[in-house]
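Structure, as structure tokens:
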Amino acid sequence: MTTKAEPNVDESVIAVRGNGPLAGSVTVPGAKNSVLKLMAATLLTDGTFEITNVPAIADVTIMGDLLDAIGVAIERPTPDRLLLTDSGDLTPVAPYELVERIRASINVLGPLLARCGHVRLSLPGGDDFGARPIDMHVAGLEAMGATFKFSHGYLEAFADRLHGADITFDFPSVGATENLLTAAVLADGRTTIDNAAREPEIADLCEFLVAMGAQISGVGTSTLVIDGVRADELGAVSHHTVPDRIQAATYLAAVAVAGGELVIEAGRPEHMAMLLERFAEMGLDITVTSDRSGDRMRVVAPERLRSIDIATLPYPGIATDYKPLIITMLAVADGVGIVTENLYPGRFRYVEELQRLGADVRTSGHHAVVRGVPRLSGAPVRAHDIRAGAAMVVAGLAAEGETEITGVHHIDRGYDDLVGRLAAVGAQIQRR
Ligand code: UD1
1129 MTTKAEPNVD ESVIAVRGNG PLAGSVTVPG AKNSVLKLMA ATLLTDGTFE ITNVPAIADV
1189 TIMGDLLDAI GVAIERPTPD RLLLTDSGDL TPVAPYELVE RIRASINVLG PLLARCGHVR
1249 LSLPGGDDFG ARPIDMHVAG LEAMGATFKF SHGYLEAFAD RLHGADITFD FPSVGATENL
1309 LTAAVLADGR TTIDNAAREP EIADLCEFLV AMGAQISGVG TSTLVIDGVR ADELGAVSHH
1369 TVPDRIQAAT YLAAVAVAGG ELVIEAGRPE HMAMLLERFA EMGLDITVTS DRSGDRMRVV
1429 APERLRSIDI ATLPYPGIAT DYKPLIITML AVADGVGIVT ENLYPGRFRY VEELQRLGAD
1489 VRTSGHHAVV RGVPRLSGAP VRAHDIRAGA AMVVAGLAAE GETEITGVHH IDRGYDDLVG
1549 RLAAVGAQIQ RR
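Now the structure itself:
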């Protein structure tokens, strides 16, 4: 990459005012949680890969810098297109300075171990929402023949050649599924992953791997069966990243609290089916249409949202990444809603920021009780992570007066021009 992203140097703020209804159309960019994994999977074999529908987000730049340090040459002829050239001359080391900035750096573990037989990886960072262990990644790779050493904040893994194994997860971890899946592509024999995560981004990764020549069955289900091949049986491919359901949901939440009518273009409504059902219960009128140019969701906001109870679950349940948006919607809905977090117990930190805007939210353990108020009131708030940051922007659309959001670098990690996209549909929002 030509430009290196600097850690946390951007001190700009986003200023937003609740300014009445939104109108117009928003195009959904490619998914962060897919593109980063596709990029890591290019470590499996030689050649020049093309990835399109790449979102213009900081995490893509950081992942690019990490792959560059490992030995993959990266070009970005246009912001939405990446060319990654893996010439096989790889240094399987992921240094602290890059790994600590992005959770998805853990995704280089499986492909590098399978390809090089050795990896040295700083333990991963990413969003600040409680402990995020990697024990399932490690146990799965051990079952495939890897050995691990941990010292001085680094993990080292070794395996002459991984072999297939039958793995059953206690919990369908997204990252562990992806790491074992990519490692199994080059393992000797058959690997079965039971209770695998089945997020659309994992199906996207499977499609990428299958196009490369991997032997995978059960794509999109909770049982993945992978028959290992040799690296020279794989080839580089061109792939269009699946659209970002979390960014799509952000625009739904924006119109839900601001009022008005939006058309969301290029999303995949079937990837957000349960969320769309719950949003309809809250009063959003959502019509899905499809034609040759793709799917579109027309969303009309009600006069006032209705409260519902909601719980986060692995896909196809309600994603934990939607939750800050949902709590923001409930903060201005009619009635009381109870939100239950089943994935990350500590992931309520942004609630204090919402309270500063006048939201009535109480948390206890992994529950939040949200009593809707008619309107929030603008104040300075901080974005603590990507999704909480986007929720602050949405909350600002529901607030009287100005809401000024700091910690904008978190939003930049996962949102492709959130400010520009909202301004284009009539939001009073600017970055300064
Ligand atoms: C991914 C997403 C993140 C999303 C999450 C859940 C990326 C880059 N991030 O994160 O946005 O919120 O899925 O949908 O794609 N766990 C263990 N041991 C492990 C692995 C996970 O205990 O070895 C636990 C985690 O602490 C957490 C839960 O399992 O409580 C879910 O984690 P996981 O599904 O692995 O999420 P990530 O892949 O980290």
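Residue numbers 1129 to 1560, in our numbering, belong to the letters of the sequence shown in order. By construction, the Cβ of each residue, glycine as well, lies at the ideal position given by its N, Cα and C atoms.
Enclosing beta strand (DSSP E) for Met-1425 [first to last residue] = Within the sequence shown, residue 1425 is the residue found at index 297, counting from 1. Looking at the DSSP string, the run of the beta strand (DSSP E) that includes Met-1425 is 1422 to 1428.
Could you tell me if Asn-1147 is buried or exposed, where buried requires 16 or more neighbouring beta carbons within 10 angstroms of its beta carbon?
-> Taking the sequence shown and counting its residues from 1, one reaches residue 1147 at position 19. Flag for Asn-1147 reads exposed.
Check whether the Cβ atoms of Val-1497 and Ile-1466 lie closer than 7 Å to each other.
-> For the purposes of this step, residue 1497 is taken as residue 369 along the sequence shown, with counting starting at 1. For the purposes of this step, residue 1466 is taken as residue 338 along the sequence shown, with counting starting at 1. Yes, the Cβ-Cβ distance between Val-1497 and Ile-1466 is below 7 Å.
Secondary structure of Thr-1189, DSSP reduced to three states = Stepping through the sequence shown from its first residue, residue 1189 is reached at position 61. Three-state result, Thr-1189: helix.
Please classify Gly-1258: is it buried, with 16 or more other beta-carbons within 10 angstroms of its beta-carbon, or exposed?
-> Taking the first residue of the sequence shown as 1, we reach residue 1258 at position 130. Any reading at Gly-1258 needs caution, since the residue's pLDDT is 48, under 50, leaving its predicted position unreliable; the model's value is listed next. Exposed is the call here.
Given a cut-off of 7 Å, decide if Gly-1199 and Asp-1217 are closer than it, judged by their beta-carbon atoms.
-> Within the sequence shown, residue 1217 is the residue found at index 89, counting from 1. Within the sequence shown, residue 1199 is the residue found at index 71, counting from 1. Going by C-beta atoms, Asp-1217 is nearer than 7 Å to Gly-1199.
Roughly how many whole angstroms lie between the Cα atoms of Pro-1183 and Ala-1168?
-> Stepping through the sequence shown from its first residue, residue 1183 is reached at position 55. Stepping through the sequence shown from its first residue, residue 1168 is reached at position 40. The alpha-carbon atoms of Pro-1183 and Ala-1168 are separated by roughly 16 Å.
Compare the Cα-Cα distances from His-1399 to each of Val-1383, Leu-1390, Ala-1376, Leu-1412 and report the closest residue.
-> By one-based count along the sequence shown, residue 1399 stands at place 271. If we check each option's Cα against that of His-1399, Ala-1376 comes out closest.
Keeping to the same chain, check which residues put their C-beta closer than 6 Å to that of Glu-1178; ignore five residues upstream and five downstream.
-> Here residue 1178 is taken as the residue at index 50 of the sequence shown, counted from 1. Once the five neighbours on either side are set aside, the close Cβ partners of Glu-1178 are Leu-1211, Ser-1366.
Would you kindly check if the distance between the Cβ of Val-1464 and the Cβ of Ser-1418 is under 7 Å?
-> On the sequence shown, position 290 is the one that residue 1418 refers to. On the sequence shown, position 336 is the one that residue 1464 refers to. No, they are not a contact pair.
Cβ contact check for the segment 1324 to 1336 and the segment 1304 to 1311: 3 or more pairs under 8 Å | yes
Of all the options Ile-1392, Glu-1530, Ala-1459, which has the alpha carbon lying nearest to the alpha carbon of Gln-1556?
-> For the purposes of this step, residue 1556 is taken as the residue at position 428 of the sequence shown. Here the closest residue by C-alpha is Glu-1530.
Buried versus exposed call for Arg-1420 [16 or more other C-beta atoms within 10 Å across all chains shown] | Start at 1 with the first residue of the sequence shown, and residue 1420 comes out as number 292. Flag for Arg-1420 reads exposed.
Please find out if some non-hydrogen atom of the ligand UD1 comes closer than 6 Å to the beta-carbon of Gly-1542.
-> Walking along the sequence shown from the start, residue 1542 turns up at place 414. Gly-1542: no, Cβ never under 6 Å from the ligand UD1.
Rounded C-beta distance between Asp-1563 and Leu-1226? I'm assuming under 8 Å.
-> Since the first residue shown for the chain is 1129 and the last is 1560, residue 1563 is missing from the structure and cannot be characterised.
The ligand UD1 heavy atom lying under 6 Å from the CB of Leu-1471 = Counted from its first residue, the sequence shown places residue 1471 at position 343. For Leu-1471, the Cβ falls inside the 6 Å cut-off from some heavy atom of the ligand UD1.
If we ignore side chains and look at the alpha-carbon of each, how far apart do Leu-1482 and Gly-1158 end up?
-> Taking the first residue of the sequence shown as position 1, residue 1482 is located at position 354. Taking the first residue of the sequence shown as position 1, residue 1158 is located at position 30. If I take the Cα positions, the gap works out to 28 Å.
Tell me whether Pro-1397 sits in a helix, a strand or coil according to DSSP, three-state version.
-> The sequence position of residue 1397 within the sequence shown is 269, counting from 1. Helix.
Helix, strand or coil for Val-1467, going by three-state DSSP, please let me know.
-> What you label residue 1467 is simply residue 339 of the sequence shown in a count that begins at 1. Here Val-1467 sits in strand by DSSP.
Is Arg-1231 near the ligand UD1, in the sense that its beta carbon is under 6 Å from a heavy atom of that ligand?
-> Stepping through the sequence shown from its first residue, residue 1231 is reached at position 103. Yes, since a heavy atom of the ligand UD1 falls inside the 6 Å radius drawn around the Cβ of Arg-1231.
Between the Cα of Pro-1473 and those of Ala-1439, Thr-1456, Val-1383, spot the shortest distance and give me the residue it belongs to.
-> Residue 1473 sits at position 345 when you count from the first residue of the sequence shown. Nearest C-alpha to Pro-1473: Ala-1439.
DSSP three-state assignment for Asp-1288, whether helix, strand or coil | Sequence index remark: in the sequence shown, residue 1288 carries index 160 (1-based). In this structure, Asp-1288 counts as coil in the three-state DSSP scheme.
Check whether the Cβ atoms of Glu-1429 and Ala-1461 lie closer than 7 Å to each other.
-> Taking the sequence shown and counting its residues from 1, one reaches residue 1429 at position 301. Taking the sequence shown and counting its residues from 1, one reaches residue 1461 at position 333. Sequence check: residue 1429 is Ala here, not Glu. Not a contact, by the Cβ cut-off of 7 Å.
Do the CB positions of Ala-1364 and Thr-1176 come within less than 7 Å of each other?
-> On the sequence shown, position 236 is the one that residue 1364 refers to. On the sequence shown, position 48 is the one that residue 1176 refers to. Cβ atoms of Ala-1364 and Thr-1176: closer than 7 Å.
Should Asp-1449 be counted as a contact of the ligand UD1 given a C-beta to heavy atom distance under 6 Å?
-> If you number the sequence shown from 1, residue 1449 lands on position 321. Correct: Asp-1449 has its Cβ closer than 6 Å to the ligand UD1.
Between the C-alpha atoms of Asp-1288 and Asp-1360, what's the straight-line distance to the nearest angstrom?
-> Translated into positions along the sequence shown, residue 1288 becomes position 160. Translated into positions along the sequence shown, residue 1360 becomes position 232. Cα to Cα, Asp-1288 sits roughly 17 Å from Asp-1360.
Taking Thr-1296 as part of the beta strand (DSSP E), name the residues at either end of that continuous run.
-> Within the sequence shown, the letter at position 168 stands for residue 1296. Start and end: 1294 to 1296.
Is Ala-1408 buried or exposed, if buried means 16 or more other CB atoms sit within 10 Å of its CB?
-> Here residue 1408 refers to the residue found at position 280 of the sequence shown. It is exposed - the Cβ of Ala-1408 has fewer than 16 other Cβ atoms within 10 Å.
Reduced DSSP secondary structure (H/G/I, E/B, other) of Leu-1504 | Within the sequence shown, numbered from 1, the residue matching residue 1504 stands at position 376. Leu-1504 carries a strand assignment under DSSP once its states are collapsed to helix, strand and coil.
For Val-1200, which beta-bridge partners are listed by DSSP?
-> Your numbering for residue 1200 matches position 72 in the sequence shown. Asp-1214.
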